[in-house]
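Okay, so here's the structure we're looking at.
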Amino acid sequence: QVRLLRVLQDGTLERVGAHQTISVDVRIVAATHRHLENMVEEGTFREDLWYRLSVFPVRLPGLRERPEDIPLLAAHFADRAGKRLGGAALTPSDEDMALLQAYSWPGNVRELAAVIERAAILGNGKRLDLRTALGFGAQAAPTRATGEQRAPSVRPPAPPPRTSGAVATLD
Numbered sequence: 408q409v410r411l412l413r414v415l416q417d418g419t420l421e422r423v424g425a426h427q428t429i430s431v432d433v434r435i436v437a438a439t440h441r442h443l444e445n446m447v448e449e450g451t452f453r454e455d456l457w458y459r460l461s462v463f464p465v466r467l468p469g470l471r472e473r474p475e476d477i478p479l480l481a482a483h484f485a486d487r488a489g490k491r492l493g494g495a496a497l498t499p500s501d502e503d504m505a506l507l508q509a510y511s512w513p514g515n516v517r518e519l520a521a522v523i524e525r526a527a528i529l530g531n532g533k534r535l536d537l538r539t540a541l542g543f544g545a546q547a548a549p550t551r552a553t554g555e556q557r558a559p560s561v562r563p564p565a566p567p568p569r570t571s572g573a574v575a576t577l578d
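Adding 407 to a residue's 1-based position in the sequence shown gives its number in our numbering.
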């Protein structure tokens with residue numbers, strides 16, 4: 408934190424192992440999922456650095472709070488996935504959009520991009536298989552806010568715990 412603050416305040420830095428000061432003219436764009444204001448109050452983040460970084464804060468709510476952004480983002484990621492897999496641009500169907508908008512997106516936009524990529528791979532680059540990509544083989548769980556059905560987590564299930572040979576022998 409001290410070195411970054413020096414760059415922001417003085418516009419100078421020293422490379423690791425060097426003894427020469429270098430002047431720099433930079434603008435910093437920073438992003439975090441942490442609540443830096445709280446960290447400043449707790450003393451775990453420097454207050455002077457916070458003020459230097461928060462000159463023009465932009466607060467962007469999570470994807471679950473802005474479902475109206477999902478269609479445009481999904482279309483972009485589907486187009487990109489189709490082209491990357493050597494085929495034509497892919498387009499999510501109305502059913503796909505309904506599935507995507509019902510999901511709570513704990514991983515935000517990165518998770519949406521990964522799900523679309525997975526759906527394109529499962530569809531062999533020719534179509535999107537979002538039902539499988541979202542795990543709709545299992546029963547959908549209700550969303551917190553609306554009670555509507557949503558897809559279960561897209562994270563793969565944890566492997567079963569390993570047992571040692573001694574435990575297996577006792578059985």
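C-beta atoms are modelled at their ideal positions from N, C-alpha and C, and glycine is treated no differently.
Nothing here was measured: the structure is a model prediction, and the numbers come from that model.
Taking residue i as part of the beta strand (DSSP E), name the residues at either end of that continuous run.
| i | result |
| --- | --- |
| residue 448 | Element bounds for residue 448: not the beta strand (DSSP E) but the alpha helix (DSSP H), 443–449. |
Residues in the same chain with beta-carbon distance under 8 Å from residue i, minus the five sequence neighbours each way, listed in chain order, please.
| i | result |
| --- | --- |
| residue 482 | 498 and 499 |
| residue 506 | 537, 538, 541, 543 and 558 |
| residue 428 | 419, 420 and 421 |
Going by the DSSP bridge assignment, what does residue i pair with across the sheet?
| i | result |
| --- | --- |
| residue 430 | 419 |
List the endpoints of the continuous alpha helix (DSSP H) containing residue i.
| i | result |
| --- | --- |
| residue 498 | Unbroken run through residue 498: none, as it is neither H nor E. |
| residue 458 | 454–460 |
| residue 528 | 515–529 |
| residue 540 | 537–540 |
Could you give the DSSP three-state label for residue i: helix, strand or coil?
| i | result |
| --- | --- |
| residue 440 | coil |
| residue 477 | helix |
| residue 482 | helix |
Give every residue of the same chain whose Cβ lies closer than 7 Å to the Cβ of residue i, excluding the five residues on either side of it in the sequence, and list them in chain order.
| i | result |
| --- | --- |
| residue 530 | 536 |
| residue 515 | 469 and 470 |
Per the contact definition of three or more C-beta pairs closer than 8 Å, is the region 408–415 in contact with the region 440–456?
They touch, by the three-pair rule.
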